[in-house]
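Notes follow the structure.
Residue numbers (the numbering used here): 15 to 526.
Structure, rendered in structure tokens:
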């Protein structure tokens, strides 16, 4: 095929698509997923829908972020329009400098920072961190008070005037990890100083903060909440190993903690966040609201695949490939705009329905099997969004049925997350919860009898990876309770960084 022929083919394809008229949009659960609110352009207002759902029941008196945003201040130095929109939605004033004081992290203090997170520490060992905690005493008091609130509406705001969910900014979520680090560092300091009640208080606050982050509509927020819980569990295990509490008091602490360890499956956030982002983008392309450069940027996220094949260095053939690849961006736009938008939306919805169903499978292994099939399809679709040659080839040679779903498949391939990774993060969080609760049971038994149990009780938590009992070992001066992790192999309680392929999920109690 000559370069001229390739260029002519591209022009014919795009010319035909440019003349195509998409049938009228049908607003329904099967197509747009939401039926209200409707924007001034006649399209579903997805950002408005998210705001309605997230703010339901939230008031000035019960909203976590009404207290935390002003106390945090503009710590991430967000642009003024963003801050003004958050202020308007929450009915608050956000100062440039709130109660929160930032730690200017540097290599010089990295050792102090790490030590303060690892376990109990003294002020003279980590003076910079100690001063940081002292500087944030007022902020941490506000954070604790806010953590008892029932709702967490953070007022989602986008970075442009198109109100695209894909462009919602999350500076408050980024900063929340620092808040959790502060709480865990202070808990370790308080343990060193003998204040186990104060340390426990900080740990509960950290879990409550994670619970509020968990109420967001994006996968990023869910994953940050999991990270905060993971960090906090390490400190709780240290607290369990050192606390002077008796068995009865530990049982009461356990009851206090259990509700804070619960979290929903990811299906709700997939529906509200990921699904709506994809539907909204498809509709924006049809509506012509996005500039061609912006559309290209989305599909160029993984870069073009330029391959002359067979090692050929023929300049004309390579130029041919470049021309066909260059046609990919406009083709993506016209495929979506020129096809039946209702078919495209239905295919996107079917994709996310399947994803949601997979997340609701009762066992890890059932979810893994569902996600393996799911990720295989998504991987194939990703090639369409990354490879202009394949996209054009599919367009030219696809059957009528495949042609109808081609726009949705290319769009989903560019934007869909690697859902199996999300499933793994969720199952690992379940395993951490199971090992922590089992650790409480063991600590209570030691306090009650003065002896180390030889095994876990028959009522102990099961390993969510296998639905079998957790593993239990006494290793030197510690009790180790662990799950086999994703590799489903008993690694003796060893985890990441402790040997090739080690991924057990553990809770460790030091034996007094």
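Ideal placement from N, C-alpha and C gives every residue a C-beta, glycine not left out.
Beta-carbon proximity check, residue 477 vs residue 470, cutoff 7 angstroms: As a position in the chain shown, residue 477 is number 463, starting the count at 1. As a position in the chain shown, residue 470 is number 456, starting the count at 1. Taking the C-beta atoms as reference points, residue 470 is found no nearer than 7 angstroms to residue 477.
So, helix, strand or coil for residue 80, using DSSP? Walking along the chain shown from the start, residue 80 turns up at place 66. Three-state result, residue 80: helix.
By how many angstroms is the C-alpha of residue 373 removed from the C-alpha of residue 535? Since the first and last residues shown for the chain are 15 and 526, residue 535 lies out of range.
List in chain order: all unbroken beta strand (DSSP E) runs of 3+ residues lying wholly within the stretch 133 to 191. With a minimum length of 3 residues, no continuous beta strand (DSSP E) run stays inside the stretch 133 to 191.
Does the count of Cβ pairs from the stretch 151 to 165 and the stretch 75 to 87 closer than 8 angstroms reach three? By the Cβ criterion, the stretch 151 to 165 is in contact with the stretch 75 to 87, since at least three pairs of Cβ atoms, one from each stretch, lie closer than 8 angstroms.
What separation, rounded to the nearest whole angstrom, lies between the Cα atoms of residue 522 and residue 58? As a working note, residue 522 is residue 508 in the chain shown. As a working note, residue 58 is residue 44 in the chain shown. Rounded to the nearest whole angstrom, the CA to CA distance from residue 522 to residue 58 is 50 angstroms.
Can you list, in chain order, the residues of its chain with a C-beta nearer than 7 angstroms to that of residue 510? Leave out the 5 residues immediately preceding and following it. Mapped onto the chain shown, residue 510 falls at position 496. Taken in chain order, the residues that qualify are 516 and 517.
So who's on the other strand from residue 477, going by DSSP bridges? Taking the chain shown and counting its residues from 1, the one referred to as residue 477 is at position 463. Note: residue 477 is bridge-paired with 482 in the DSSP secondary-structure output.
Could you say if the stretch 214 to 227 and the stretch 138 to 150 meet the contact criterion of at least three C-beta pairs nearer than 8 angstroms? Flag = no, the stretch 214 to 227 and the stretch 138 to 150 do not touch.
Would you call the stretch 85 to 92 in contact with the stretch 185 to 192, where contact means no fewer than 3 C-beta pairs closer than 8 angstroms? Touching, yes, given that three or more Cβ pairs across the two stretches are closer than 8 angstroms.
Under 8 angstroms: do the stretch 241 to 261 and the stretch 280 to 291 share three or more Cβ pairs, one atom per stretch? Touching, no, given that fewer than three Cβ pairs across the two stretches are closer than 8 angstroms.
Residues of its chain near residue 114, where Cβ-Cβ distance is below 7 angstroms and the 5 sequence neighbours each way are ignored: As a first step, residue 114 must be located in the chain shown, where it is residue number 100. Annotation for residue 114: 85, 86, 87, 89, 150 and 153 place their beta carbon closer than 7 angstroms to its own, counting only its chain and skipping 5 residues before and after.
Give the DSSP-derived three-state secondary structure of residue 520 in the structure shown. Reading the chain shown from its first residue, position 506 is the one you call residue 520. If DSSP states are grouped into helix, strand and coil, residue 520 belongs with the strands.
For a test of the three-state rule: what should DSSP assign to residue 410, helix, strand or coil? Taking the first residue of the chain shown as 1, we reach residue 410 at position 396. Low confidence applies here, because residue 410 scores a pLDDT of 46, under 50, leaving its location unreliable and the question unanswered by this model.
Cβ neighbour criterion (16 or more within 10 Å) applied to residue 504: Start at 1 with the first residue of the chain shown, and residue 504 comes out as number 490. Residue environment analysis places residue 504 among the exposed positions, since fewer than 16 neighbouring C-beta atoms fall within 10 angstroms of its C-beta.
Using CA coordinates, which residue listed in 495, 442, 490 and 443 is at the minimum distance from residue 455? Taking the chain shown and counting its residues from 1, one reaches residue 455 at position 441. Among 495, 442, 490 and 443, the Cα nearest to that of residue 455 belongs to 495.
Confirm, please, whether the CB-CB distance from residue 475 to residue 451 is below 7 angstroms. The residue you call residue 451 lines up with position 437 of the chain shown. The residue you call residue 475 lines up with position 461 of the chain shown. The criterion of a C-beta distance shorter than 7 angstroms is satisfied by residue 451 and residue 475.
Where the alpha helix (DSSP H) through residue 69 begins and ends: What you label residue 69 is simply residue 55 of the chain shown in a count that begins at 1. Start and end: 60 to 69.
Can you give the Cα-Cα distance for residue 246 and residue 42, rounded to whole angstroms? Within the chain shown, the letter at position 232 stands for residue 246. Within the chain shown, the letter at position 28 stands for residue 42. Rounded to the nearest angstrom, the gap between the Cα atoms of residue 246 and residue 42 is 43 angstroms.
Rounded to whole angstroms, what's the CA-CA distance from residue 50 to residue 66? Just pull it up for me. What you label residue 50 is simply residue 36 of the chain shown in a count that begins at 1. What you label residue 66 is simply residue 52 of the chain shown in a count that begins at 1. Rounded to whole angstroms, residue 50 to residue 66 spans 10 angstroms at the Cα level.
Flag this pair as yes or no: are the beta carbons of residue 231 and residue 171 separated by less than 7 angstroms? Residue numbering aside, residue 231 sits at position 217 when the chain shown is read from its first letter. Residue numbering aside, residue 171 sits at position 157 when the chain shown is read from its first letter. Contact: no.
By alpha-carbon positions, which one of 269, 526, 378 and 263 ends up nearest to residue 439? Position 425 of the chain shown, counted from the start, is the residue given in the question as residue 439. The shortest C-alpha separation from residue 439 is found at 378.
Please list, in chain order, all residues of the same chain as residue 258 whose beta carbon is under 8 angstroms from its beta carbon, the five residues on each side excluded. In the chain shown, counting from the first residue as 1, residue 258 sits at position 244. Excluding sequence positions up to five before and after residue 258, its CB lies within less than 8 angstroms of the CB of 210, all in the same chain and listed in chain order.
Among 181, 145, 205 and 385, nearest to residue 436 - alpha-carbon criterion: Taking the first residue of the chain shown as position 1, residue 436 is located at position 422. Ranking 181, 145, 205 and 385 by CA distance to the CA of residue 436 puts 385 first.
Spatial neighbours of residue 108 within its chain, please: C-beta separation below 7 angstroms, excluding the five flanking residues on both sides. Mapped onto the chain shown, residue 108 falls at position 94. Within the same chain, and ignoring the five residues on either side of residue 108 in sequence, the residues whose Cβ sits closer than 7 angstroms to its Cβ are 83, 84, 87, 88, 97, 100 and 101.
Hey, could you find the ends of the beta strand (DSSP E) residue 496 is sitting in? In the chain shown, residue 496 corresponds to position 482, counting from 1. Residue range 492 to 497 is occupied by the beta strand (DSSP E) that includes residue 496.
Closest residue to residue 192 among 143, 173 and 178 (Cα-Cα distance): As a first step, residue 192 must be located in the chain shown, where it is residue number 178. The shortest C-alpha separation from residue 192 is found at 143.
Quick one: residues in its chain with C-beta nearer than 7 angstroms to the C-beta of residue 294, no 5 flanking neighbours on either side, listed in chain order? Along the chain shown, read from residue 1 onward, the residue named residue 294 stands at position 280. Excluding sequence neighbours, residue 294 sits near 60, 178 and 179.
In the DSSP assignment, what residue or residues form a beta bridge with residue 489? The count along the chain shown starts at 1 and reaches residue 489 at position 475. According to DSSP, which records beta bridges pairwise, residue 489 is partnered with 492.
Report yes if the CB atom of residue 133 is closer than 7 angstroms to the CB atom of residue 55, and no otherwise. Mapped onto the chain shown, residue 133 falls at position 119. Mapped onto the chain shown, residue 55 falls at position 41. Contact: no.
At which residue ranges does the stretch 194 to 257 contain complete alpha helix (DSSP H) runs of 4 or more residues, listed in the order of the chain? As far as the stretch 194 to 257 is concerned, its whole alpha helix (DSSP H) runs of at least 4 residues are 210 to 227 and 233 to 256.
Between the beta-carbon of residue 241 and the beta-carbon of residue 228, is there less than 7 angstroms? The sequence position of residue 241 within the chain shown is 227, counting from 1. The sequence position of residue 228 within the chain shown is 214, counting from 1. Taking a C-beta distance under 7 angstroms as the contact criterion, residue 241 and residue 228 do not qualify as a contact pair.
Pop quiz: residue 297 and residue 362 are said to be a contact at Cβ under 8 angstroms. What is the actual Cβ separation, rounded to whole angstroms? As a working mapping, residue 297 is identified with position 283 in the chain shown. As a working mapping, residue 362 is identified with position 348 in the chain shown. With a Cβ gap of about 10 angstroms, residue 297 and residue 362 do not count as contacting.
Between 448, 489, 525 and 466, which has its C-alpha nearest residue 519's C-alpha? Position 505 of the chain shown holds residue 519. It is 448.
Candidates 508, 482 and 387: closest to residue 368 by CA position: Against the chain shown, residue 368 aligns to sequence position 354. Checked all of 508, 482 and 387; the closest Cα to residue 368 is 387.
Flag this pair as yes or no: are the beta carbons of residue 194 and residue 205 separated by less than 7 angstroms? One-based indexing of the chain shown puts residue 194 at position 180. One-based indexing of the chain shown puts residue 205 at position 191. Note that the C-beta distance between residue 194 and residue 205 is not below 7 angstroms.
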